[in-house]
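Below is one structure, written out as structure tokens; comments come after it.
2 protein chains.
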Amino acid sequence: MATIEKIEAAAKRLHGNARITPLLSSPFLDEIAGRQVLIKAECLQHTGSFKFRGGWAAVSSLGFHARKRGVIAYSSGNHAQGVAAAAKAHNTPAVIVMPADAPQLKIDNTRALGAEVVLYDRIGGEDREAIGAKLAEERRLTLIEPYEHPEVIAGQGSVGLEIAQQTAALGITKAEVAICCGGGGLASGVALALEKYAPNMRVRPAEPVGFDDVARSLAAGKIMSNPAATGSICDAILTPEPGATTFPILKRLAGAGVAVTDAEAMRAVAQAFLRLKLVVEPGGAVSLAAALFHPDAFESDTVIAVATGGNIDPATFQTALSEFTG
Amino acid sequence: MATIEKIEAAAKRLHGNARITPLLSSPFLDEIAGRQVLIKAECLQHTGSFKFRGGWAAVSSLGFHARKRGVIAYSSGNHAQGVAAAAKAHNTPAVIVMPADAPQLKIDNTRALGAEVVLYDRIGGEDREAIGAKLAEERRLTLIEPYEHPEVIAGQGSVGLEIAQQTAALGITKAEVAICCGGGGLASGVALALEKYAPNMRVRPAEPVGFDDVARSLAAGKIMSNPAATGSICDAILTPEPGATTFPILKRLAGAGVAVTDAEAMRAVAQAFLRLKLVVEPGGAVSLAAALFHPDAFESDTVIAVATGGNIDPATFQTALSEFTG
Numbered sequence: 050m051a052t053i054e055k056i057e058a059a060a061k062r063l064h065g066n067a068r069i070t071p072l073l074s075s076p077f078l079d080e081i082a083g084r085q086v087l088i089k090a091e092c093l094q095h096t097g098s099f100k101f102r103g104g105w106a107a108v109s110s111l112g113f114h115a116r117k118r119g120v121i122a123y124s125s126g127n128h129a130q131g132v133a134a135a136a137k138a139h140n141t142p143a144v145i146v147m148p149a150d151a152p153q154l155k156i157d158n159t160r161a162l163g164a165e166v167v168l169y170d171r172i173g174g175e176d177r178e179a180i181g182a183k184l185a186e187e188r189r190l191t192l193i194e195p196y197e198h199p200e201v202i203a204g205q206g207s208v209g210l211e212i213a214q215q216t217a218a219l220g221i222t223k224a225e226v227a228i229c230c231g232g233g234g235l236a237s238g239v240a241l242a243l244e245k246y247a248p249n250m251r252v253r254p255a256e257p258v259g260f261d262d263v264a265r266s267l268a269a270g271k272i273m274s275n276p277a278a279t280g281s282i283c284d285a286i287l288t289p290e291p292g293a294t295t296f297p298i299l300k301r302l303a304g305a306g307v308a309v310t311d312a313e314a315m316r317a318v319a320q321a322f323l324r325l326k327l328v329v330e331p332g333g334a335v336s337l338a339a340a341l342f343h344p345d346a347f348e349s350d351t352v353i354a355v356a357t358g359g360n361i362d363p364a365t366f367q368t369a370l371s372e373f374t375g
Numbered sequence: 050m051a052t053i054e055k056i057e058a059a060a061k062r063l064h065g066n067a068r069i070t071p072l073l074s075s076p077f078l079d080e081i082a083g084r085q086v087l088i089k090a091e092c093l094q095h096t097g098s099f100k101f102r103g104g105w106a107a108v109s110s111l112g113f114h115a116r117k118r119g120v121i122a123y124s125s126g127n128h129a130q131g132v133a134a135a136a137k138a139h140n141t142p143a144v145i146v147m148p149a150d151a152p153q154l155k156i157d158n159t160r161a162l163g164a165e166v167v168l169y170d171r172i173g174g175e176d177r178e179a180i181g182a183k184l185a186e187e188r189r190l191t192l193i194e195p196y197e198h199p200e201v202i203a204g205q206g207s208v209g210l211e212i213a214q215q216t217a218a219l220g221i222t223k224a225e226v227a228i229c230c231g232g233g234g235l236a237s238g239v240a241l242a243l244e245k246y247a248p249n250m251r252v253r254p255a256e257p258v259g260f261d262d263v264a265r266s267l268a269a270g271k272i273m274s275n276p277a278a279t280g281s282i283c284d285a286i287l288t289p290e291p292g293a294t295t296f297p298i299l300k301r302l303a304g305a306g307v308a309v310t311d312a313e314a315m316r317a318v319a320q321a322f323l324r325l326k327l328v329v330e331p332g333g334a335v336s337l338a339a340a341l342f343h344p345d346a347f348e349s350d351t352v353i354a355v356a357t358g359g360n361i362d363p364a365t366f367q368t369a370l371s372e373f374t375g
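Residue numbers (my numbering), protein chains in the order written: chain D, 50 to 375; chain Y, 50 to 375.
Right, dumping it as structure tokens:
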């Protein structure tokens, strides 16, 4: 089970290995949002997303023999790179099951980080969890689930510890924390960290319209699924439903979810380019899009948006600049 | 005169106002360079470049009456924004003299930061220093020269203090520090800081081919000018010659300069996008270009490249991605 003690222990193992990412801001963004917006730049994390934290926490928690046999993960790309890089640093073999239609950059990077990549057909309906489980059994690999693994949640929770420390240094104790949500690993880890270290801050899940399973699940009080598996540009966070482990944490601690359109996510990508000098992928920008373009969804004077990843194909980034910087 | 004592004092005034920018890295970039490359991400500084430091140091050093009358600066854009933002925070009026052909984004941002912008014709040969001096006299404004002002050099030198602290935390004491060079304010300030706090690190100026006045001046032992005033995409660092104040510091402390082509600068912009998730402008990427594409110009196991700014027009960024990420 994910606990604050596990988060604190994971943060110790991450110390000196994961980056403490900066909390950025721009008067231009504050003006758009009509309030103070702080951006936690996890796109600057190793491998370009917060997923490195969870990958490191999980691999570093393994015993000697399990490390030697290796790990397996299924991922649309960011978890893949995070686990691959963490495994490489621990001299642990890594097999990554990725959808064949994931951004080429993510597939290439995962291979370049030393992992064995197994592609599957997401659109045709192949089940990545079944593929992962089968390979894990055959080769006695440890499966590192992208958001249900307690050590993964603990690693992601270190983002919450940093937010609590960085905002305290700025004299800010009350805020809503918008977090891009797939399965809810980051959101639930951060929620647990804030519960102890910044109790006046509340997680607000942010998702793409049509893939707002977390928002709808929170509203209904029970786990709800998305009608479709693909169809948003926010590839990093298109999971079918909240995790069985993460949802109870979010139900207890998070505020209502916010859904943004793909166009709003792309507009946030363009604003991050113009005003923050950050490369953020669409799925990593839905939190910023929520803060900028849905001001009525928030109540607090300060919104912290976690920019969760920056692994965007050049063509998609160029589209964001062409359409939304004019 | 710029001194280490002025740098230390400026760093105190900057504390809590300028950002401590992260020192980033990527195994992919290390592989290209054939050595460890660390990137000091000053593009993440307020206003998108290190110039905010010098602007803040200069404005905060003024007395009550001088602050009230206001300041003036001439700049192709980054110094303009740095001074404008610093002046605004001190409730000081700011007049900025900018070339009419500067990137529109820089002109727009300078105005949005509350400054009065006066445009001049750089290509037609109007003399920005004469324009600046005349306006300063008429309105009794304090001129903040972009690289000759001792407080500006002191503010930029705070980058060197951070590099010394951040590398010490990583156990690195020996390195070459590649710095994008216009008039040499940043390079000379950093050189002074490293002389005291990291004496085994040496500044290596990086410039565009055809505008390598600092490199040629260092080689000749006296100030040499560039044959042309425009003609490189690296607009931020096209100054006619090293400063009379900065050159003696560089002559005493810096190693040889490195010149890179515009194509290499654009290729470094693309690599910063792909591998660091940073938006860097061409003039801010010549240091990274030197580290990546001129490995024979360096000797040390570690090269630190200061990515000095990120204020790039979307169209130029798109060109870098189209041509150099394929």
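Glycine residues also receive a C-beta, built at the ideal position from the N, C-alpha and C atoms.
Inset, instruction - Measure from the C-beta of SER371 (chain Y) to each C-beta in chain D and report whether the shortest distance is under 8 Å. - result: In the second sequence, counting from the first residue as 1, residue 371 (chain Y) sits at position 322. When Cβ-Cβ separations below 8 Å define contact, SER371 (chain Y) makes contact with chain D.
Legend entry - Partner residues on chain Y for PRO423 (chain D), Cβ-Cβ distance less than 9 Å: Any question about residue 423 (chain D) goes unanswered here, given that chain D covers just 50 to 375.
Inset, instruction - Check distances from the C-beta atoms of the stretch 334–359 of chain Y to those of chain D and list, in chain order, the residues that come in under 8 Å. - result: Taking 8 Å as the Cβ-Cβ cut-off against chain D, the residues of the stretch 334–359 of chain Y that qualify are GLY359.
Inset, instruction - Would you check if the distance between the CB atom of GLU3 (chain Y) and the CB atom of ALA106 (chain Y) is smaller than 8 Å? - result: This structure does not reach residue 3 (chain Y), given that chain Y is present from 50 up to 375, and the question cannot be answered.
Legend entry - As assigned by DSSP and simplified to three states, the class of LEU251 (chain D): Numbered from 1 along the first sequence, position 202 holds the residue referred to as residue 251 (chain D). At residue 251 (chain D) the sequence reads Arg, which differs from the Leu that was named. In the structure shown, ARG251 (chain D) sits in a strand (DSSP, three-state: E or B).
Inset, instruction - Please name the residues in the stretch 142–171 of chain D whose beta-carbon is closer than 9 Å to at least one beta-carbon of chain Y, in chain order. - result: Cβ contacts with chain Y: LEU154, ASN158, ALA161, LEU162.
Inset, instruction - Please list the segments of the beta strand (DSSP E) lying wholly inside the stretch 189–240 of chain Y, counting only runs of 3 or more residues, in order along the chain. - result: Whole beta strand (DSSP E) segments, 3+ residues: 224–229.
Legend entry - Selected residue, minimal CA-CA separation from LEU219 (chain D), among Y:ARG68, Y:SER371, Y:THR52: Here residue 219 (chain D) refers to the residue found at position 170 of the first sequence. The alpha carbon of LEU219 (chain D) has as its nearest neighbour, out of Y:ARG68, Y:SER371, Y:THR52, the alpha carbon of Y:ARG68.
Inset, instruction - Could you name the residues of chain Y that GLN130 (chain D) contacts, counting a contact when the two beta carbons are closer than 9 Å? - result: The residue given as residue 130 (chain D) occupies position 81 in the first sequence. Here the premise fails: no neighbours, minimum Cβ distance about 11 Å.
Legend entry - Contact between the stretch 51–69 of chain D and the stretch 320–329 of chain D (3+ Cβ pairs under 8 Å): No, the stretch 51–69 of chain D does not touch the stretch 320–329 of chain D.
Inset, instruction - Can you tell me which of the three DSSP states VAL144 (chain Y) falls into? - result: Here residue 144 (chain Y) refers to the residue found at position 95 of the second sequence. Here VAL144 (chain Y) sits in strand by DSSP.
Inset, instruction - Pull up the distance between the alpha-carbon of THR292 (chain D) and that of PHE347 (chain Y), whole angstroms please. - result: Along the first sequence, one-based indexing puts residue 292 (chain D) at 243. Along the second sequence, one-based indexing puts residue 347 (chain Y) at 298. Reading off the sequence shown, one finds Gly at residue 292 (chain D), where the question assumed Thr. Their Cα atoms are separated by approximately 50 Å.
Inset, instruction - Could you tell me whether any Cβ in chain Y is nearer than 8 Å to the Cβ of LYS223 (chain D)? - result: In the first sequence, counting from the first residue as 1, residue 223 (chain D) sits at position 174. Closer than 8 Å: no.
Legend entry - the stretch 73–93 of chain D / the stretch 114–127 of chain D touching (three or more Cβ pairs under 8 Å): Result no; under three Cβ-Cβ pairs closer than 8 Å.
Legend entry - Range covered by the alpha helix (DSSP H) that runs through LYS300 (chain Y): Working through the second sequence from its first residue, we reach residue 300 (chain Y) at position 251. Residues 295–302.
Legend entry - According to DSSP, residues forming a beta bridge with GLN85 (chain D): To locate residue 85 (chain D), count along the first sequence from 1; it is residue 36. DSSP, once it has assigned bridges, lists D:THR351 as partnering GLN85 (chain D).
Legend entry - Neighbour flag for PHE113 (chain Y) against chain D, beta carbons, 8 Å: By one-based count along the second sequence, residue 113 (chain Y) stands at place 64. So, not an interface residue.
Legend entry - Interfacial residues, the stretch 79–101 of chain D to chain Y, with Cβ spacing under 7 Å: Here the close residues are CYS92, LEU93, GLY97.
Inset, instruction - Taking only heavy atoms of the ligand SAH into account, decide whether any of them is closer than 7 Å to the Cβ of GLY103 (chain Y). - result: The model on display carries no ligand, and the ligand SAH is accordingly not part of it.
Legend entry - Cβ of LEU73 (chain D) within 8 Å of any chain Y Cβ: Counting from 1 along the first sequence, the entry for residue 73 (chain D) is found at position 24. Yes, LEU73 (chain D) lies at the interface with chain Y (some Cβ there is under 8 Å from its Cβ).
Inset, instruction - Can you have a look at PRO152 (chain Y) and say buried or exposed, based on whether 16 or more other CB atoms are within 10 angstroms of its CB? - result: By one-based count along the second sequence, residue 152 (chain Y) stands at place 103. PRO152 (chain Y) is buried by the Cβ-count criterion.
Inset, instruction - For chain Y, find out if any of its Cβ atoms is closer than 8 Å to the Cβ of PRO363 (chain D); answer yes or no. - result: Residue 363 (chain D) sits at position 314 when you count from the first residue of the first sequence. At least one chain Y Cβ lies under 8 Å of PRO363 (chain D).
Inset, instruction - Would you tell me roughly how many angstroms separate the C-alpha atoms of ILE286 (chain D) and PRO276 (chain D), rounded to the nearest one? - result: Position 237 of the first sequence, counted from the start, is the residue given in the question as residue 286 (chain D). Position 227 of the first sequence, counted from the start, is the residue given in the question as residue 276 (chain D). For the pair ILE286 (chain D) and PRO276 (chain D), the Cα-to-Cα distance works out to about 15 Å.
Legend entry - Cross-strand partners of PRO257 (chain D) (DSSP beta bridge): Locating residue 257 (chain D) in the first sequence gives position 208, counting from the first residue. DSSP lists D:VAL309 as partners of PRO257 (chain D).
Inset, instruction - Please confirm whether GLN205 (chain Y) and GLY234 (chain Y) have their CB atoms less than 8 Å apart. - result: Counted from its first residue, the second sequence places residue 205 (chain Y) at position 156. Counted from its first residue, the second sequence places residue 234 (chain Y) at position 185. Less than 8 Å divides the Cβ of GLN205 (chain Y) from the Cβ of GLY234 (chain Y).
Legend entry - Contacts of THR374 (chain Y) in chain D (Cβ-Cβ under 8 Å): In the second sequence, counting from the first residue as 1, residue 374 (chain Y) sits at position 325. Result: PRO363.
Inset, instruction - Excluding the 5 residues preceding and the 5 following GLY131 (chain D) in the sequence, name in chain order all residues of the same chain whose CB lies nearer than 7 Å to its CB. - result: As a first step, residue 131 (chain D) must be located in the first sequence, where it is residue number 82. The residues THR96, SER98, LYS100, PHE101, GLY103, GLY104, in chain order, have a CB closer than 7 Å to that of GLY131 (chain D) in the same chain once the five nearest residues on each side in sequence are set aside.
Inset, instruction - Answer yes or no: does any C-beta atom of chain D fall closer than 8 Å to that of GLN367 (chain Y)? - result: For the purposes of this step, residue 367 (chain Y) is identified with residue 318 of the second sequence, where counting begins at 1. Interface residue, yes.
Legend entry - 7 Å Cβ cut-off: residues of chain Y touching VAL328 (chain D): Here residue 328 (chain D) corresponds to residue number 279 of the first sequence, with the count starting at 1. Correct list: PHE322, LYS326, LEU327, VAL328.
Inset, instruction - Taking only beta-carbon positions, decide if ARG68 (chain D) is within less than 8 Å of chain Y. - result: As a position in the first sequence, residue 68 (chain D) is number 19, starting the count at 1. Answer yes: the Cβ-Cβ gap between ARG68 (chain D) and chain Y drops below 8 Å somewhere.
Inset, instruction - Would you kindly work out how many angstroms separate the C-alpha atoms of PRO195 (chain D) and GLY232 (chain D), rounded to a whole number? - result: Taking the first residue of the first sequence as position 1, residue 195 (chain D) is located at position 146. Taking the first residue of the first sequence as position 1, residue 232 (chain D) is located at position 183. The alpha-carbon atoms of PRO195 (chain D) and GLY232 (chain D) are separated by roughly 8 Å.
Legend entry - At least three beta-carbon pairs within less than 8 Å, the stretch 138–146 of chain Y to the stretch 163–179 of chain Y: As far as the Cβ criterion goes, the stretch 138–146 of chain Y touches the stretch 163–179 of chain Y, which means the pair count is three or higher.
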